[in-house]
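Undergrad: I'd like to ask some things about the structure below.
Residue numbers (full-length UniProt numbering): 1 to 301.
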């Protein structure tokens with residue numbers, strides 16, 4: 001972690017991971033679009049998401065979560081993405097020369113070669129195996145860091161990220177910095193696999209859904225310290241005001257003389273109990289969920 005001399009109050013508690021491999025230039029403009037800001041407001045101007053607004057102007061990077069394009073692709077560089085906590089990798093197809101962005105996994109560096117097997121096993125790999133599929137050779141050749149392949153081809157126990165749900169859909173789970181999932185079981189009779197997500201939840205996913213090998217990059221993102229309120233504003237994060245500091249008309253904890261919530265239970269601005277109150281009912285359970293994530297004392301850090 002990078003620390004600076006405390007020549008100002010904002011630098012005293014500033015902590016940032018060191019990224020010597022990050023590209024310092026601008027992104028590929030053809031792979032970006034304008035990011036419109038709404039300040040957390042809907043079409044009528046009402047705030048529907050609190051603590052959003054302002055922030056530095058930036059462009060949204062178009063990430064390839066599907067990985068339909070087969071063939072070898074070379075990593076050109078690793079870039080910072082202001083729209084997500086993980087880093088992104090710029091790929092160049094070795095045959096067509098097409099450029100694309102993907103979520104960078106931990107350890108991926110410029111010059112590495114990655115490949116997508118979403119459309120099946122290429123003929124060149126079949127020829128290397130003698131014309132028929134050898135599971136051992138196939139596992140060694142395909143389960144490399146940054147490769148994308150159907151979950152049916154991934155060995156049990158492998159660490160993955162950018163996990164899809166449906167056979168034709170993009171990756172949905174484990175896309176934030178430092179997150180990963182693990183393949184626990186393959187169930188051919190149900191055409192499903194059981195995957196343990198970062199939260200500890202066990203979930204069914206389709207065998208034909210795709211995932212990428214490895215852990216998402218920027219593992220030390222959770223250890224950073226912004227150091228001052230201004231850096232939060234640069235990121236578009238507005239202040240969080242305490243309920244007891246508000247008026248009675250704005251929050252259940254507000255009003256009164258002095259700092260008191262008038263002997264009430266802690267609750268949200270809309271009156272929902274904040275501690276110990278169950279917000280889910282049995283009839284709304286997800287059928288794809290095998291085991292719920294651990295909660296309370298058993299929750300994963």
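Glycine included, every Cβ here is placed at the ideal spot set by N, Cα and C.
Quick caveat: nothing in here was measured; it's all calculated off a predicted structure.
1) Among 210, 243 and 105, which residue has its Cα nearest to the Cα of residue 177?
2) Between the C-alpha atoms of residue 277 and residue 297, what's the straight-line distance to the nearest angstrom?
3) Taking a contact to mean a Cβ-Cβ separation below 9 Å, would you say residue 211 touches residue 181 in this structure?
4) Looking only at its chain, what residues have a beta carbon closer than 6 Å to the beta carbon of residue 10, apart from the 5 residues adjacent to it on each side?
5) By alpha-carbon positions, which one of 208, 179 and 198 ends up nearest to residue 191?
6) Report the partner residues of residue 171 according to the DSSP bridge assignment.
7) Within 10 Å of its beta-carbon, does residue 98 have 16 or more other beta-carbons around it, so buried, or fewer, so exposed?
8) Can you name the start and end residues of the alpha helix (DSSP H) that residue 149 belongs to?
9) The beta strand (DSSP E) spanning residue 196 covers which residue range?
10) Enumerated in chain order, which unbroken segments of the beta strand (DSSP E) with a length of 3 residues or greater are wholly contained in the UniProt region "Disordered" (245-301)?
11) Look at residue 159 and residue 213 and say whether their C-beta atoms are less than 9 Å apart.
12) Taking a contact to mean a Cβ-Cβ separation below 9 Å, would you say residue 161 touches residue 205 in this structure?
13) Taking the DSSP output, what are the residues bridged to residue 237?
14) So is residue 250 in contact with chain C if we call contact Cβ pairs under 9 Å?
15) Quick one: what's residue 204 bridged to in DSSP?
16) Is the separation between the beta-carbon of residue 53 and that of residue 40 shorter than 9 Å?
17) So what's residue 215 in DSSP terms, helix, strand or just coil?
18) Taking DSSP as the reference, what is the three-state secondary structure of residue 72?
19) What's the C-alpha gap between residue 76 and residue 248?
20) Ignore the nearest five residues each way along the sequence and tell me which others in residue 66's own chain have a CB closer than 7 Å to its CB.
21) What's the C-alpha gap between residue 38 and residue 63?
22) Under a three-way DSSP split, which group does residue 87 fall into?
23) Helix, strand or coil: which one does DSSP assign to residue 387?
24) For the beta strand (DSSP E) containing residue 187, name the first residue and the last one.
25) Within 10 angstroms of the Cβ of residue 281, are there 16 or more other Cβ atoms? Answer buried if so, exposed if not.
26) With distance defined between alpha-carbon atoms, name the residue in 168, 255, 183 and 198 nearest to residue 143.
TA: Answer, in terms of the structure:
1) In the chain shown, the residue the question calls residue 177 occupies position 177. When only C-alpha atoms are compared, the closest one is 105.
2) Walking along the chain shown from the start, residue 277 turns up at place 277. Walking along the chain shown from the start, residue 297 turns up at place 297. Going from the Cα of residue 277 to the Cα of residue 297 covers about 16 Å.
3) Stepping through the chain shown from its first residue, residue 211 is reached at position 211. Stepping through the chain shown from its first residue, residue 181 is reached at position 181. In this structure, residue 181 lies closer than 9 Å to residue 211 by Cβ.
4) Position 10 of the chain shown holds residue 10. So the qualifying residues of the chain are 227 and 228.
5) Position 191 of the chain shown holds residue 191. When only C-alpha atoms are compared, the closest one is 208.
6) To locate residue 171, count along the chain shown from 1; it is residue 171. For residue 171, which the question treats as bridged, DSSP gives the partners 164.
7) Here the question's residue 98 lines up with position 98 in the chain shown. So residue 98 counts as exposed.
8) Taking the chain shown and counting its residues from 1, the one referred to as residue 149 is at position 149. Looking at the DSSP string, residue 149 is not in any alpha helix (DSSP H); the run it does join, the beta strand (DSSP E), is 148-150.
9) Taking the chain shown and counting its residues from 1, one reaches residue 196 at position 196. Residue 196 -> beta strand (DSSP E) spans 192-196.
10) 289-291
11) By one-based count along the chain shown, residue 159 stands at place 159. By one-based count along the chain shown, residue 213 stands at place 213. Their beta carbons are under 9 Å apart, which means residue 159 touches residue 213 by this criterion.
12) Position 161 of the chain shown, counted from the first residue, corresponds to residue 161. Position 205 of the chain shown, counted from the first residue, corresponds to residue 205. No. Outside cutoff.
13) Working through the chain shown from its first residue, we reach residue 237 at position 237. Looking at the DSSP assignment, residue 237 forms a beta bridge with 52.
14) Annotation note: the requested chain C is absent from the structure, which comprises a single protein chain.
15) The residue labelled residue 204 in the question sits at position 204 within the chain shown. BP columns for residue 204 point to 194.
16) One-based indexing of the chain shown puts residue 53 at position 53. One-based indexing of the chain shown puts residue 40 at position 40. Against a cut-off of 9 Å, the Cβ pair of residue 40 and residue 53 comes out as a contact.
17) Position 215 of the chain shown, counted from the first residue, corresponds to residue 215. Residue 215 sits in coil when the DSSP states are folded into three classes, being neither helix nor strand.
18) Along the chain shown, one-based indexing puts residue 72 at 72. Residue 72: strand per DSSP, three-state reduction.
19) Translated into positions along the chain shown, residue 76 becomes position 76. Translated into positions along the chain shown, residue 248 becomes position 248. Each residue's alpha carbon lies about 56 Å from the other.
20) Reading the chain shown from its first residue, position 66 is the one you call residue 66. Same-chain partners within the cutoff: 170.
21) Taking the chain shown and counting its residues from 1, one reaches residue 38 at position 38. Taking the chain shown and counting its residues from 1, one reaches residue 63 at position 63. One C-alpha to the other measures close to 22 Å.
22) In the chain shown, the residue the question calls residue 87 occupies position 87. Reduced to three states, the DSSP call for residue 87 is coil.
23) Any property of residue 387 remains undetermined from this structure, which presents the chain solely from 1 to 301.
24) Translated into positions along the chain shown, residue 187 becomes position 187. From DSSP, the beta strand (DSSP E) with residue 187 extends over 181-187.
25) Numbered from its first residue, the chain shown carries residue 281 at position 281. Residue 281 should be labelled exposed.
26) The residue you call residue 143 lines up with position 143 of the chain shown. For residue 143, the closest alpha carbon among the candidates 168, 255, 183 and 198 is that of 183.
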